[in-house]
Structures are given as structure tokens and as C-alpha cells.
Amino acid sequence: MNLTEMLALLKELVETESPSSDPAAVQAVGRLVAAQAARLGAQVSAESGGQLVARWNASAPGKPILLLHHMDTVFPRGTLAGMPFRSDAEKTYGPGVLDMKGGIVITLAAIERLRRAGALTRPLVALFTTDEEIGSGSSRALIENLSRESLLALVLESGLLDGAIKTWRKGVGDFVVRVRGVAAHSGGEHEKGRNAIEELAHQVLEIQRWTDYAKGTTLNIGVIRGGTVENVVPAEAEARGDLRVLDPAEAPRILAALKALRPHLPGTTVTAEGLLNRAPMPFDATMKITYEKARQIAAGVGIDLKAGGSGGGSDANFIAPLGVPVLDGLGAVGADYHSEREWIFTVSLEERARLLEALLLNW
Ligand SMILES: [Zn+2]
Numbered sequence: 003m004n005l006t007e008m009l010a011l012l013k014e015l016v017e018t019e020s021p022s023s024d025p026a027a028v029q030a031v032g033r034l035v036a037a038q039a040a041r042l043g044a045q046v047s048a049e050s051g052g053q054l055v056a057r058w059n060a061s062a063p064g065k066p067i068l069l070l071h072h073m074d075t076v077f078p079r080g081t082l083a084g085m086p087f088r089s090d091a092e093k094t095y096g097p098g099v100l101d102m103k104g105g106i107v108i109t110l111a112a113i114e115r116l117r118r119a120g121a122l123t124r125p126l127v128a129l130f131t132t133d134e135e136i137g138s139g140s141s142r143a144l145i146e147n148l149s150r151e152s153l154l155a156l157v158l159e160s161g162l163l164d165g166a167i168k169t170w171r172k173g174v175g176d177f178v179v180r181v182r183g184v185a186a187h188s189g190g191e192h193e194k195g196r197n198a199i200e201e202l203a204h205q206v207l208e209i210q211r212w213t214d215y216a217k218g219t220t221l222n223i224g225v226i227r228g229g230t231v232e233n234v235v236p237a238e239a240e241a242r243g244d245l246r247v248l249d250p251a252e253a254p255r256i257l258a259a260l261k262a263l264r265p266h267l268p269g270t271t272v273t274a275e276g277l278l279n280r281a282p283m284p285f286d287a288t289m290k291i292t293y294e295k296a297r298q299i300a301a302g303v304g305i306d307l308k309a310g311g312s313g314g315g316s317d318a319n320f321i322a323p324l325g326v327p328v329l330d331g332l333g334a335v336g337a338d339y340h341s342e343r344e345w346i347f348t349v350s351l352e353e354r355a356r357l358l359e360a361l362l363l364n365w
């Protein structure tokens, strides 16, 4: 595929809208991808939840390299009307161009180039999932199982604006704090009440203080609810928040601290629960070796491969804790993902295909 052909395929994928909440729509992308993979000689199979697996050279010696993609986007059906696919020499726009339909095109182009050169000889497995944007509930086990069998996992999520790949990602969790107080008439029997909102305010201030930028730990209470009407002392209040950690040791510390929350006001109770949905992918010893190897291979084809990271999670967060070498952010380069402005640098499609081709050939 040359750049014109890559853009034509990207247009087709983007114009097949695929919100995570609409499995039939995501399956339409699956059919397009399956046809492309079959054209390139893959054995294609559909797994539960609509996950698509394409295998090349399954009987060749050695462990495969896993290429990981998701076909769903955050954009509801109909978004395309106000945010059409469009492309010029500099930038290409449309729902999912960056996250991550561009990445799907890059993989297919790299495999086609290897095949044309007679260099597609090693075992490769490409997985295309359906639910990354809503937590990968139906695809996580398959991602983990395929990763365990692999030499290396390459995730085609978007690259950073300077072209850097993602060599660390924060772990992502959420939590809820619930307070119970005692309701009372705010005029006649104010003193009988135990104000759950007042108690929650103490808890909110305490939890926000656990943020530690130096360690990469953040807590964000994003939603609070409580009370019923102005003239009743509120008996209930609740706060919901988002937790991000870079250091794997930080998650147990925060989750234990949530459990240990105690009320400040007599007569109220506080309960809290939290869960780390995605473990962090730290820049650890394995990552250092993996990145260094990729950097050298890239340098061999004239690409200066930089390392960066993201506070957001991806399916790479499921792979890193297994000890399997993984690199993320190998997809298209652009910005403003999940927004109506989402775009990529048009030429990044070709540059990333060249990078991926080199990695698959030389790893
Ligand atoms: Zn994504």
C-alpha cells in the first residue's frame, strides 16, 4: 500500500462508524479488517465477543510477535455527519483516525510490504478487539492469553506528537466513598442531624491530598452527590473518583488508605471501595531493554525513535504485568483524540508503516 491506498483504506474504516456500545457496527469494521488480512494471506478467526485474530506463518519456528489493535471508537453513530473524514497533505481528520483506525492501516500496510519483499516469514498474530474504549471486558482474557505466547507485543495506539512511542502508562482505577449521617429538620431539630455532606467534605479534602506528582500518583474526585432538599440535614452523600498510579506499589497503598478512612463527625459512617482496573506499565528494566532494541532497529532505517508515555491506560497495561516485552504508541501520530478535532499527520501513516516493517523484520 502506498500512502494514497492507505488513506483510501483509512477512509473506509473511519466511515464505518464503530462505537463500542454498538457490537453490530464494530463487526462491520471487523469484516473489512478480516477481508484485508485474508487478502494478505492470514488465517483469520473470529473469537467470542467478536474479537478478530489474524495469523501468519503459524507453523514457522519461534514465538510470534503480537500486534494489538482495537476496532471500536468513543464516537457515537452519526458523528461522521459533523466530523467527516477529510485529508490534505499535512493532516487527516475524522472519528478514530488516531484512536486507532490509523494503527490498523499501518499494520496491514507493513505486513503487505513484508509480503511483497518475500520477507514475511516469522509467525505473526494480529488481534483486533471490539471493546477497548469501555474497559476491554470481553477481550482482556484473549489479550492476556495471546501475549503470554508471544515474543513481543506491539500496540498500535497513537504515538505522541513528537513521534515518541509509549514506554510507560499509568495504571487506572476508580473509587467511591459513601457517607451516612442522620436526617433532621434543619430548623426545628438541627442538632439531631448528622450532616453527611459535611462529613464527605472532610473525606474529599483528605483523599485529594494523597496525590503525589513526584511518584506519578493522582486522585481526582470527579463526582459528588448528596442530600435531598435545602431544609433537611442530609443523611447520605457520595463521592466518586479516578485513581492513576505509575509505581505499582502505589495502588495497594491508596486502596488500603481508602479502606482505612474513618469519620470525623460523631454519628456518621464512612465506607469506601476502590479498584485498579488496569495495572501500570512502568518504564522498568524489561521496558528499558525492549525500547533500546526497538531504538536500534529504528536507527538502522534512519528513524530516531523517542520514548515517552501517557497518563491514560491502554490494553498494553494488561500485557506489561505479565512480564511480556511490550511497546505501545506505534500507531499514527497526531492529537486531540476523543474530540471532534481528532487528527493525524498524514505522512505518519507511511512513516509508522516503515517503522513497523523494520521491527517485524529485524526483531
Ligand atoms: Zn485507543
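Heads up: the sequence shown begins at 3 in this note's numbering, then just goes up one per residue. Where a beta carbon is used, it is the ideal one built from N, C-alpha and C, also for glycine.
Problem set entry | Sufficient close CB pairs (3 or more, under 8 Å) joining the stretch 245-261 to the stretch 169-180 | yes
Exercise. Since Y95 sits in a beta bridge, which residues does DSSP pair it with?
Worked result: R88 and W345
Problem set entry | Contacting residues, own chain, Cβ-Cβ under 6 Å from R115 (five flanking each side not counted) | Once the five neighbours on either side are set aside, the close Cβ partners of R115 are E359.
Problem set entry | Coarse secondary structure for E275, derived from DSSP in three states | strand
Exercise. Going by beta carbon distance, what residues of the same chain come within less than 8 Å of G64, once the five residues before and after it are set aside?
Worked result: R124, P125 and L153
Exercise. Between S316 and ligand 1, is the CB less than 7 Å from at least one heavy atom?
Worked result: yes
For this session: Verify the contact flag: M8, CB atom, against every heavy atom of ligand 1, threshold strictly below 7 Å.
Result: no
Exercise. Among L82, L68 and V46, which residue has its Cα nearest to the Cα of S20?
Worked result: Out of L82, L68 and V46, the CA that lies nearest to the CA of S20 is found in L82.
For this session: Output the distance between the C-alpha atoms of W212 and V181, rounded to the nearest integer angstrom.
Result: 19 Å
Exercise. Taking C-alpha atoms, which residue in E238, V99, S138 and T18 lies nearest to I346?
Worked result: V99
For this session: Mark P236 as exposed unless 16 or more other C-beta atoms lie within 10 angstroms of its C-beta, in which case mark it buried.
Result: buried
For this session: Tell me whether H187 sits in a helix, a strand or coil according to DSSP, three-state version.
Result: strand
Exercise. How do the stretch 334-350 and the stretch 153-164 stand: do at least 3 beta-carbon pairs fall below 8 Å, yes or no?
Worked result: yes
Exercise. Can we say the stretch 141-150 touches the stretch 281-293, given the rule of at least three CB pairs closer than 8 Å?
Worked result: no
Exercise. Cα separation between V55 and Q38?
Worked result: Rounded to the nearest whole angstrom, the C-alpha separation of V55 and Q38 is 12 Å.
For this session: From the DSSP output, in three-state form, read off M73 for me.
Result: coil
Exercise. With respect to the beta strand (DSSP E) encompassing L154, which residues constitute its N-terminal and C-terminal limits?
Worked result: L154 to V157
Exercise. Would the C-beta of E344 count as close to ligand 1, meaning under 7 Å from any of its heavy atoms?
Worked result: no
Problem set entry | Which of helix, strand or coil DSSP assigns to L82 | Three-state DSSP puts L82 in a helix.
Problem set entry | Nearest to K93 (by Cα), restricted to the options G336, Q298, P66 and G120 | With distances taken between Cα atoms, K93 lies closest to G336.
For this session: Name the one or two DSSP bridge partners that L221 has.
Result: L245
Exercise. My guess is that R196 and V184 are in contact by the Cβ rule of under 8 Å, so how many angstroms apart are they, rounded?
Worked result: 4 Å
Exercise. Hey, I305 and L260 are a contact pair by Cβ (cut 8 Å); roughly how many whole angstroms apart?
Worked result: I305 to L260, Cβ: 44 Å. No contact.
For this session: Give the secondary structure of E49 by DSSP, where H, G and I count as helix, E and B as strand, and everything else as coil.
Result: Here DSSP, grouped into helix, strand and coil, assigns E49 to coil.
Exercise. Would you call the stretch 299-314 and the stretch 66-84 in contact, with 3 or more CB pairs under 8 Å?
Worked result: Fewer than three pairs of CB atoms, one per stretch, sit closer than 8 Å, so the stretch 299-314 makes no contact with the stretch 66-84.
Problem set entry | Where R264 falls: helix, strand or coil (DSSP) | Reduced to three states, the DSSP call for R264 is coil.
Exercise. How far does the beta strand (DSSP E) with V179 in it reach, from first residue to last?
Worked result: It spans G173 to R182 - the beta strand (DSSP E) in which V179 sits, taken as one unbroken run.
For this session: Tell me whether E1 counts as near ligand 1, meaning its Cβ is closer than 7 Å to at least one heavy atom of that ligand.
Result: Because the chain spans 3 through 365 in this model, residue 1 falls outside it and cannot be assessed.
For this session: From the DSSP output, in three-state form, read off F130 for me.
Result: Three-state DSSP puts F130 in a strand.
For this session: Return the first residue and the last residue of the alpha helix (DSSP H) that R150 is part of.
Result: R150 -> alpha helix (DSSP H) spans R142 to R150.
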